[in-house]
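*Asks:* Residue numbers (this note's numbering): 521 to 1142.
Have a look at this one before I ask anything.
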Amino acid sequence: MRQLELLAPARDAQIGIAAIDCGADAVYIAGPQFGARQAAGNSIEDIKTLCGYAHRFGARIFVALNTILYDDELEAAYRQMLEVQEAGADALIIQDMAVMRMAAEGIGNFREDFHIPLHASTQCAIRTPEHAVFLEGMGFSRLILEREMSLEQIRTIRKAVSCELEFFVHGALCVCYSGQCYLSEKIAGRSANRGACIQACRSRYDLADSDGKILVRDKALLSLKDYNLKARLEDLAEAGITSVKIEGRLKNVSYVKNVVRDYSLALDEIVRKRPEEYERGSYGQITGGFTPDTTKTFNRGYTELFIDGKKGRWASMDAAKSMGEEIGEVVSLNRDKSSIGLRLKRKDITLNNGDGFSFVAKDGNVTGFRGDVCSGSTIRCKSTTALYNGALIFRNINAAFEKEIERQACTRVISATVFLEFVRKDSMWMIHATALSEDGRSVSETFEAGDQTANNFDRMMEMVKGQIGKTSGGYQFLIGDISAKEGLPFMTASFINGIRRRLAEILDSRPCGQKGILLRKPGKVTKPLPQEDTTYKNNISNHLAKQVYLEAGAASIAQAYELEHTPEAELMRTRYCIRFELGMCPKHHGAKQSKPLFLLNNGQRFALHFDCRNCEMTVTEA
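Set out below in structure tokens:
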């Protein structure tokens, strides 16, 4: 039986709890420092709170410590490793090999027992079987593969290693290979590998040739659509993926709830179809809630990227932010453009007061506004001067849907089957109650029920079944066997409810079972480094990481780009290609070989290079 784990993002503990309630089997979150999203740090106490809640359902919490580290940060990082372990974290997501070394040996004379699994971040740029084998040999329990991989490439890695594999299935896409983007560091001195990315790929650029001719003006030429592999979850499971991961540690709670619920239902359907092969990675059932719809939440349009190994159109050039769903076309405007008449795209579209809208202005920029009053096909709003007749209007905030997510909360409960035996001891009635939870916990308690016998057996039995078979303290109690050979005592509804509540209390005092988790102990390298020399792309920024690579057989060690800006360095390498996206590819479109191409932005100039044999594009300093 293979586990299928849904891994959700959390900006903070409350969002993490909401994700678990909506069906996440695991949540990843950052600690106080050293996470690849500086704006998403959390206290150790908050992580402890989240771990406590998650473990009620056998769900897991993974803490991201996935930046590269400088020498003067190593001891602080090690202290944080120990703190998150003490808080109850189930694994640590890392990029820097110094963390692997500290997990095994501590740092200096400072050494404590560190025993939770380590997951190799997607920042480790895992795209080949050789690299996967190397990392597994170091002691990683899980590898988080690059998003650019195809199903065939995943299968190849699955055959090469036995550790768990994790793969992103939804959310924002970096245009560059993971962990090897240096554009933000070059432009602003803010490293993506240090959690400070300025998202230069979402900026707007001009595309020019070597003669200075502008071929494309003011477009988000490096901005990709969002990932959506909901339809391919079963394919990924068959390819060997254990954990499917949602991007979004900076996203709000409604986004996380909506996407998690949608993917959780999809995984449930796979398990329902193939119960002999798959099971979910945690316990509990979700009751209540809303109907998820990922078209109604933040997205830049969706793509399956390279999952089938095919080149595609992946860009979101008009807008690096969410445009939303197309609503209709402007057909009338009043004088100050505060009253808009639309020709709706479909008859089933209902506009709501407070909806958010966007459109592409005539200057090519995306502009947004709120609909203060929406009625039929008319929107009243603050004066929006950039509007014009014929503009296509998109809805990027559906106010009614947001309210539904907020009001229709999901509730997660663990099922527990109750067995009751009613016996008389001397003149008193005794009730022996046992509860067996779906995760394997068994608890028992004996209750004294007085000396009165119920006159109406059937009515009392009906009350017992009705009151026991309810929800208490996060448990959905089900009736198993009831033995009442000598009759039933007379009991009030509140007394029976007290039995149920007491069983819930005892269950809560015992830790929920957790499904098997793979644990490899970090240690010395057991597999050789795939290449003889390291480059700046290995992101080596401290002496411990340098040590690890030397022991692995590296003949030379190059410093991380953050420590030394190598002029000839590739700032970005990507399977996305601007020429292909614009229909200018000599290989696929039969276009003539173009002159050298450049990206221009605020006085900065970057050169584009095209590796047509590997179908890749690189960006360098011009």
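Heads up, the beta-carbon is just placed ideally off N, CA and C, and yes, glycines get one too.
Computed from a predicted model, the values in this text were never measured in an experiment.
Quick check on the burial criterion: 16 or more other C-beta atoms within 10 angstroms. Buried or exposed for aspartate 746?
*Replies:* Aspartate 746 comes out buried.
*Asks:* Measure the alpha-carbon distance for phenylalanine 862 versus cysteine 894 and round it to whole angstroms.
*Replies:* One point to set straight first is that residue 862 is leucine, not phenylalanine, in the sequence displayed. When rounded, the distance between both Cα atoms is 11 Å.
*Asks:* Is the beta carbon of lysine 733 closer than 7 Å to that of methionine 837?
*Replies:* Taking 7 Å as the Cβ cut-off, methionine 837 and lysine 733 do not qualify as a contacting pair.
*Asks:* Pull up the DSSP beta-bridge partners for aspartate 868, would you.
*Replies:* DSSP lists no partner for aspartate 868.
*Asks:* Starting from the C-beta of leucine 871, find all residues in its chain whose C-beta is less than 7 Å away, skip the five residues before and the five after it, and write them out in chain order.
*Replies:* Contacts found: Gly891, Cys894 and Ile899.
*Asks:* Taking 8 Å as the cut-off, does the stretch 1079 to 1097 touch the stretch 1046 to 1059 (at least 3 CB pairs, one atom from each stretch)?
*Replies:* Segments in contact, yes.
*Asks:* Answer with buried or exposed for alanine 528, where buried requires no fewer than 16 other C-beta atoms within 10 angstroms of its C-beta.
*Replies:* Buried is the call here.
*Asks:* Just the Cα atoms here: how many angstroms apart are tyrosine 803 and lysine 1112?
*Replies:* About 58 Å.
*Asks:* Within a Cβ cutoff of 7 Å, which residues of the same chain sit near leucine 770, ignoring the five residues on either side of it in sequence?
*Replies:* Contacts found: Arg531, Arg557, Ala559 and Ala560.
*Asks:* Using a Cβ distance threshold of 8 Å, determine whether the stretch 548 to 555 contacts the stretch 787 to 800, with at least three qualifying pairs required.
*Replies:* Result no; under three Cβ-Cβ pairs closer than 8 Å.
*Asks:* So, under 8 Å CB-CB, glutamate 924 and phenylalanine 810 are touching, yes? Tell me the CB distance rounded to an integer number of Å.
*Replies:* At roughly 5 Å, the Cβ-Cβ gap stays under 8 Å, so glutamate 924 and phenylalanine 810 are in contact.
*Asks:* Counting pairs of Cβ atoms below 8 Å between the stretch 608 to 619 and the stretch 584 to 592, do you hit three or more?
*Replies:* With a cut-off of 8 Å, the stretch 584 to 592 and the stretch 608 to 619 count as touching, because enough Cβ pairs lie within range.
*Asks:* Would you report the Cα separation of alanine 623 and leucine 594, rounded to the nearest angstrom?
*Replies:* In a straight line, the C-alpha of alanine 623 is about 12 Å away from that of leucine 594.
*Asks:* Check cysteine 571 in the structure and name its three-state DSSP category.
*Replies:* In the structure shown, cysteine 571 sits in a helix (DSSP, three-state: H, G or I).
*Asks:* Is the stretch 587 to 607 touching the stretch 618 to 633, taking contact as three or more C-beta pairs under 8 Å?
*Replies:* Short answer: they touch.
*Asks:* Evaluate contact between the stretch 986 to 1003 and the stretch 923 to 940, counting only Cβ atoms and requiring at least three cross-stretch pairs below 8 Å.
*Replies:* Enough Cβ pairs lie closer than 8 Å, so yes.
*Asks:* Rounded to whole angstroms, what's the CA-CA distance from isoleucine 1060 to glutamate 799? Just pull it up for me.
*Replies:* For isoleucine 1060 and glutamate 799, the distance between alpha carbons rounds to 39 Å.
*Asks:* By DSSP's criteria, valine 963 is part of a beta bridge. Which residues make up the other side?
*Replies:* For valine 963, which the question treats as bridged, DSSP gives the partners Ala955.
*Asks:* If you run the structure through DSSP and keep just helix, strand and coil, what is tyrosine 590?
*Replies:* If DSSP states are grouped into helix, strand and coil, tyrosine 590 belongs with coil.
*Asks:* For the stretch 1098 to 1105 against the stretch 712 to 719, do three or more pairs of beta-carbon atoms, one drawn from each stretch, fall closer than 8 Å, so that the two count as touching?
*Replies:* With the cut-off at 8 Å, the stretch 1098 to 1105 and the stretch 712 to 719 do not touch.
*Asks:* On the criterion of 16 or more Cβ atoms from any shown chain inside 10 Å, does alanine 1075 qualify as buried, or is it exposed?
*Replies:* Classification of alanine 1075: exposed, given that the 10 Å Cβ count is below 16.
*Asks:* In terms of residue numbering, what span does the alpha helix (DSSP H) encompassing isoleucine 988 cover?
*Replies:* 977 to 988 is the span of the alpha helix (DSSP H), which, as asked, contains isoleucine 988.
*Asks:* Taking the C-alpha atoms as reference points, what is the distance between lysine 1152 and isoleucine 1077?
*Replies:* The shown model of the chain, from 521 to 1142, leaves out residue 1152, and the question about it has no answer.
*Asks:* Distance check for phenylalanine 577 and isoleucine 535, CA to CA, integer angstroms please.
*Replies:* Using only the alpha carbons, I get a separation of about 16 Å.
*Asks:* At what residues does the alpha helix (DSSP H) containing arginine 927 begin and finish?
*Replies:* Residues 919 to 927.
*Asks:* What's the call for alanine 920, buried or exposed, on a 16-neighbour Cβ count within 10 Å?
*Replies:* By the neighbour-count rule (16 or more Cβ atoms within 10 Å), alanine 920 is not buried but exposed.
*Asks:* The beta strand (DSSP E) spanning phenylalanine 688 covers which residue range?
*Replies:* Residues 684 to 691.
*Asks:* Tell me, to the nearest whole angstrom, how far the beta carbon of isoleucine 766 is from that of histidine 690; I am working on the premise that it is less than 8 Å.
*Replies:* Correct: roughly 5 Å between the Cβ atoms.
*Asks:* Would histidine 639 be called buried (16 or more neighbouring beta carbons within 10 Å of its own) or exposed?
*Replies:* Result: buried.
*Asks:* Could you pull the DSSP bridge partners for histidine 1129 from this structure?
*Replies:* Paired residues: Thr1138.
*Asks:* Around the C-beta of tyrosine 598, are 16 or more other C-beta atoms found within 10 angstroms, so that it is buried, or is it exposed?
*Replies:* Classification for tyrosine 598: buried.
*Asks:* Taking the C-alpha atoms as reference points, what is the distance between tyrosine 995 and serine 935?
*Replies:* Answer to the nearest angstrom: the Cα atoms are 6 Å apart.
*Asks:* Drop a sphere of 10 angstroms on the beta-carbon of threonine 1012, count the other beta-carbons inside from all chains shown, and report buried for 16 or more, exposed for fewer.
*Replies:* Exposed, by the Cβ-count rule.
*Asks:* Between Lys841, Lys777, Asn713 and Met843, which has its C-alpha nearest alanine 539's C-alpha?
*Replies:* Of Lys841, Lys777, Asn713 and Met843, the residue nearest in Cα terms is Lys777.
*Asks:* Using only CA atoms, which one of Arg724, Lys706, Leu685 and Asn772 lies nearest to glutamate 758?
*Replies:* When only C-alpha atoms are compared, the closest one is Leu685.
*Asks:* Please name the residue, chosen from Asn1121, Gly1123, Ala840 and Leu1117, that lies closest to threonine 1138 on a Cα-to-Cα basis.
*Replies:* When only C-alpha atoms are compared, the closest one is Leu1117.
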